[in-house]
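Residue 86 in my numbering sits at position 30 of the sequence shown, and the numbers go up by one each step. Positions of the beta carbon are idealized from the N, C-alpha and C atoms, including for glycine. Structure first, commentary second.
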Amino acid sequence: MKYQNVAWREIDACVETVGRAIRAARFRPDCIVAILKGGMVPARLLSDFFGAIEIYPIRVKAYAGTRKLDRVRLESFRYPIGRKSVLLVDDIHDSGQSLQKVMRHLQRRRPRALRTATLFYKHNALHPPDFHARTVAPDVWVVFPWERNEMKNTHG
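Spelled out as structure tokens, the structure:
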């Protein structure tokens with residue numbers, strides 16, 4: 057596996073790219089659902105881009121370190137998204153399983169609209185996100201600035 061370190065200035069550029077694409081598509085989110093932990097920082101930055109809209113977290117577990125778990129685990133979600141335009145945000149769209157599982161879960165709450173956005177997208181993933189800034193190869197592990205200590209602790 058190859059590792060790709062991403063700098064904060066690239067994160068800023070990715071958020072700008074995604075935000076502009078969302079605006080160009082005339083999608084106006086009422087709230088953002090952030091997939092924790094990786095999606096929290098991009099969600100916060102996109103919230104600022106759209107004028108400080110509300111962020112609701114949802115915890116998803118698909119990896120233990122860099123090891124993929126057998127199945128995606130999802131915690132309960134109790135936020136009011138019915139009849140709202142929802143932007144579901146994560147840092148990277150890897151296999152597509154996390155985003156798909158969360159989307160199915162959120163659809164049961166009957167949002168008016170639901171779109172997905174990630175900063176990075178692995179081109180082999182199922183169902184690409186509605187919006188993304190960068191595409192990477194399937195064998196690349198993207199190391200985001202907010203997870204560098206986690207990577208050091210896990211991989212030395």
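Hey, would you say D146 sits closer than 8 angstroms to S154, going by beta carbons?
Numbered from its first residue, the sequence shown carries residue 146 at position 90. Numbered from its first residue, the sequence shown carries residue 154 at position 98. Yes, they are a contact pair.
With a threshold of 8 angstroms between beta carbons, is V71 in contact with chain C?
Included in the structure is just one protein chain, with no chain C present.
The alpha helix (DSSP H) with I88 in it runs from where to where?
As a first step, residue 88 must be located in the sequence shown, where it is residue number 32. Where I88 is concerned, there is no enclosing alpha helix (DSSP H), although the beta strand (DSSP E) it sits in stretches over C87 to L92.
Cβ shell of Q60 (< 8 angstroms), same chain only, five flanking positions each side left out
As a first step, residue 60 must be located in the sequence shown, where it is residue number 4. V192, V196, W197, V198 and V199, listed in sequence order.
Short check: CB of V74 to CB of L182, under 8 angstroms?
Residue mapping note: residue 74 aligns to position 18 of the sequence shown, counting from 1. Residue mapping note: residue 182 aligns to position 126 of the sequence shown, counting from 1. No; because the gap between Cβ atoms is not below 8 angstroms, this pair is not in contact.
Rounded to whole angstroms, what's the CA-CA distance from V116 to R171? Just pull it up for me.
Translated into positions along the sequence shown, residue 116 becomes position 60. Translated into positions along the sequence shown, residue 171 becomes position 115. Roughly 18 angstroms separates the two Cα atoms.
Residues in the same chain with beta-carbon distance under 6 angstroms from P201, minus the five sequence neighbours each way, listed in chain order, please.
Along the sequence shown, one-based indexing puts residue 201 at 145. Cβ contact annotation for P201 (same chain, cutoff 6 angstroms, sequence separation greater than five): W64, in chain order.
Say whether the stretch 98-109 touches the stretch 154-165, bearing in mind that this needs 3 or more beta-carbon pairs closer than 8 angstroms, one atom from each stretch.
no
Backbone secondary structure at E131 - three-state DSSP:
What you label residue 131 is simply residue 75 of the sequence shown in a count that begins at 1. Here E131 sits in coil by DSSP.
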